[in-house]
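Residue numbers (my numbering): 62 to 596. Virtual Cβ for every residue (Gly too), placed ideally from N, Cα, C. Here the structure is a predicted model, which is why all the values come from computation and not from measurement.
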Amino acid sequence: MALSLPVALGATAFSACQLNPFRRPPVDQVLRTYLYPFETLDPIMTQGALEAEYVVQVFSGLTGLNEKAEVVPDLAEKWQVSPDGLTYTFSLRKGARFHDGREVRAADVKYSLERAANPASKSPVAATYLGDIAGVTDRLQGTTSEVGGVKVRDDLTVEITLNEPRVYFPAKLTYPVAYVVDRANVEGGGANWWANPNGTGPFRIREAKPDESLILVRHDAYYGPRPALSEASFVPLSPVAAYEEGHLDIALVELAEIERVTDKSNPLSRELRVRTDMDIQYLGMNVMAKPFDDAKVRQAFNHALDRDKIANLTLKKTVVKVEGILPPGMPGRSDNVKGLDFDVSRARQLVAESSYRDVRNFPEIVLSLAGNRTGAPPEINAIVAMYKQNLGIDVRVRQFDRNGFMDAMSRHRDQFQLFFYGWLADYADPQNFLDLLFHSRSNENTAQYANPDVDRLLERARMERDSAARYRLYQEAEGLILRDAPWVPLWHSKRYVLVKPYVQGYGTSAMAYPWLRSISLRERPPRPTPMPPDP
């Protein structure tokens, strides 16, 4: 009986609000947006930017990225670094909880890192992003049962020791492979445990069906600011058409629609957001495969390609032509570091000076890429045509399905000779491009490139604490890499996104961070009848 009075009063107040003609009903905080294809949402298997866009909403790690691409505390409220730069001591937030309400402990961090490094997990990225931690390599090789460099000091304190000082180590922990998972959930949920995960992020999964749907709902006990959105639904619709008909609130614009939505006479142009991604698309040349074992041949392939024409005509100015390797906005990038320009005469001269003397002495050139079209995409056709016209080379195109291509690039890259690939920044540091992609011992060195001078510069930069001096080392290394030409750098991508006027807080960060937590919706028109998903 003692509880009946407050309940009755609450009911009366609720009824009065419903009858008040001046009070607006609450705005529906359900966002509908386009679905990126995904195969898994397991953090330790995340390789691409597409999956990461989802994973960062559901899981979190010791550190994270904010909307300015800055490294910030996340599950850890702070950390300290030992004077020698080898040991990081992370203090976890009190009250940070999994989606089921259990508090996150240091033992969860240790389990998650050791799971990533377990050879049975077959994580394709653990060595790249966690390999600086003492004991990770031994664990990956199966010689130990734990990672010796990760120590639990108490329930809220975890200590991580590195093999060598790495000034950018907190940035590497923002990559999903370092995110915290719940052991009972992983080990009791079967192979597809990630479809119903007990994460720690601002949203939890209600439904996850690859290529069909993804529905996220707010984690009300999230340790950070409470998201305004109650739900985010990702659906496989034709983005622009669905957006125009009111079925989507945010939509990615595909190449075929660019000219239409950028036309100032089209009302859609007023709802368009454009950003340059912190990425690079490139042709990689396997320096161990003929004819790309000769630097002059690689240089010739750079000089023979008119990247301005591809960017402006073929891709309709939807990309930014590359000058060097580091993308716009990357700290340490210098306009003085430039690659090899378009010069057909120089390209032909270099072939004549090479050990092959003539393109007729080349083996067949095969360009590999991820794709499932009947024919190659227009930018690839343009590249092939230019090599035919400017060097007299017939280039055969070989397409793989996306998963097969990614797997081959990770495990069987010797089979590739020339390949079309891309890299999107994981964090805003030149190490994420130059060291990861060009150090001779890096797992991400797809071209199998090796230059001892470049290695020495990159290794010095790893420990240099003065930012200006560190950036100079990277610029020197970038210049040497461009001269050696293991790549033909092509372009930096632009992303065109339509955003309804009632969507508030949509950011333009070029990297994956939990942007959904910043979104809120103002009053909007009634939703139309749902469209059937694309077949």
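ask   = How many angstroms separate the CA atom of arginine 84 from the CA atom of arginine 583?
value = The pLDDT assigned to arginine 84 is 46, lower than 50, so where the model puts this residue is not dependable; a value taken from the coordinates is nonetheless given after this. Cα to Cα, arginine 84 sits roughly 15 Å from arginine 583.
Range covered by the beta strand (DSSP E) that runs through serine 274 = 274 to 279
message = Taking DSSP's pairing of strands, which residues face tyrosine 95 in a bridge?
response = Val296
task = In the DSSP assignment, find the unbroken alpha helix (DSSP H) run with phenylalanine 264 in it and report its ends.
result = Note, phenylalanine 264: premise wrong, no alpha helix (DSSP H); beta strand (DSSP E) at 264 to 270.
inquiry  = Which complete beta strand (DSSP E) runs does the segment 126 to 181 hold, if anything under 3 residues is left out?
reply    = 132 to 134, 137 to 142 and 148 to 153
task = Report the rounded CA-to-CA distance for tyrosine 95 versus alanine 486, giving the unit in angstroms.
result = 22 Å
task = Could you check the C-alpha separation between threonine 261 and glutamate 164 for me, to the nearest Å?
result = 9 Å
Distance between glutamate 128 and threonine 569 (C-alpha atoms, nearest Å) = Taking the straight line joining both Cα atoms gives about 8 Å.
request  = Taking phenylalanine 602 as the reference, give the member of Leu541, Pro586, Pro587 and Tyr574 with the closest Cα.
outcome  = Since the displayed the chain opens at 62 and closes at 596, residue 602 lies outside it and no answer follows.
query = Over what stretch of residues does the alpha helix (DSSP H) that includes isoleucine 221 continue unbroken?
reply = Taken as a continuous stretch (DSSP letters only), isoleucine 221 belongs to no alpha helix (DSSP H), being part of the beta strand (DSSP E) at 218 to 222.
key: Pairwise C-alpha distance: histidine 500 and proline 494   = The sequence given here places phenylalanine at residue 494; proline does not occur at that position. Taking the straight line joining both Cα atoms gives about 10 Å.
ask   = Taking the C-alpha atoms as reference points, what is the distance between proline 587 and arginine 267?
value = 24 Å
key: Spatial neighbours of arginine 578 in its chain, beta-carbon cut-off 6 Å, leaving aside the 5 residues before and after   = Within the same chain, arginine 578 has close Cβ partners Pro263 and Pro288.
ask   = Got a sec? Which residues, its chain only, sit under 8 Å from methionine 470 by beta carbon, not counting five neighbours each side?
value = Only Phe477, Phe480, Tyr482 and Thr507 meet the Cβ criterion.
key: Beta-bridge partners of glutamine 476, as assigned by DSSP   = For glutamine 476, which the question treats as bridged, DSSP gives no partner whatsoever.
task = Could you check what DSSP says for histidine 308 in three-state terms: helix, strand or coil?
result = coil
key: Residue from Leu223, Val186, Tyr343 and Ala361 with nearest C-alpha to glycine 669   = Given that the chain is displayed from residue 62 to residue 596, the structure contains no residue 669 and the question cannot be resolved.
query = Within 10 angstroms of its Cβ, does alanine 239 collect 16 or more other Cβ (buried), or is it exposed?
reply = Counting C-beta atoms within 10 angstroms of its own C-beta, alanine 239 has 16 or more neighbours from the protein chains shown and is therefore classed as buried.
ask   = Are the segment 183 to 199 and the segment 221 to 237 in contact at 8 Å, needing three or more beta carbon pairs?
value = yes
task = Measure the CB-CB distance between methionine 467 and proline 226 and report whether it falls below 7 Å.
result = no
task = Using alpha carbons as the reference points, say which of Gly210, Ala443 and Phe461 lies closest to arginine 434.
result = Ranking Gly210, Ala443 and Phe461 by Cα distance to arginine 434 puts Phe461 first.
ask   = Sorted by chain position, which residues of the same chain lie with C-beta nearer than 6 Å to histidine 473's C-beta, five sequence neighbours on each side aside?
value = none
task = Would you decide whether tyrosine 229 is buried or exposed? Buried here means 16 or more other CB atoms lie within 10 Å of its CB.
result = buried
key: Local conformation of histidine 500 per DSSP, three classes   = coil
query = According to DSSP, is glycine 465 helix, strand or coil?
reply = helix
task = Verify the contact flag: arginine 214, CB atom, against every heavy atom of the ligand GTP, threshold strictly below 6 Å.
result = This structure lacks the ligand GTP, and indeed carries no ligand of any kind.
request  = Assign glycine 483 to one of three DSSP states: helix, strand, or coil.
outcome  = strand
Sheet register partners of serine 579 (DSSP bridge) = For serine 579, which the question treats as bridged, DSSP gives no partner whatsoever.
query = Of all the beta strand (DSSP E) runs that stay within the bounds of the segment 319 to 395, which reach a length of 3 or more residues?
reply = 333 to 337, 340 to 346 and 380 to 382
Extent of the continuous alpha helix (DSSP H) run through isoleucine 542 = 528 to 545
query = Going straight from the alpha carbon of histidine 308 to that of lysine 139, what length do you get?
reply = Each residue's alpha carbon lies about 42 Å from the other.
key: Endpoints, beta strand (DSSP E) assigned at leucine 551   = 548 to 560
ask   = If you drop the 5 nearest sequence neighbours on each side, which residues of the same chain put their C-beta closer than 6 Å to that of asparagine 259?
value = Excluding residues within five positions, the ones whose Cβ falls inside 6 Å are Phe159, His160, Asp161, Asp243 and Asn246.
message = Which residues does DSSP list as the beta-bridge partners of alanine 431?
response = Per DSSP, Phe461.
query = What residue range is occupied by the uninterrupted alpha helix (DSSP H) comprising aspartate 199?
reply = Unbroken alpha helix (DSSP H) run through aspartate 199: 197 to 201.
message = Bridge partners for glutamine 565 per DSSP, in chain order?
response = Ser581
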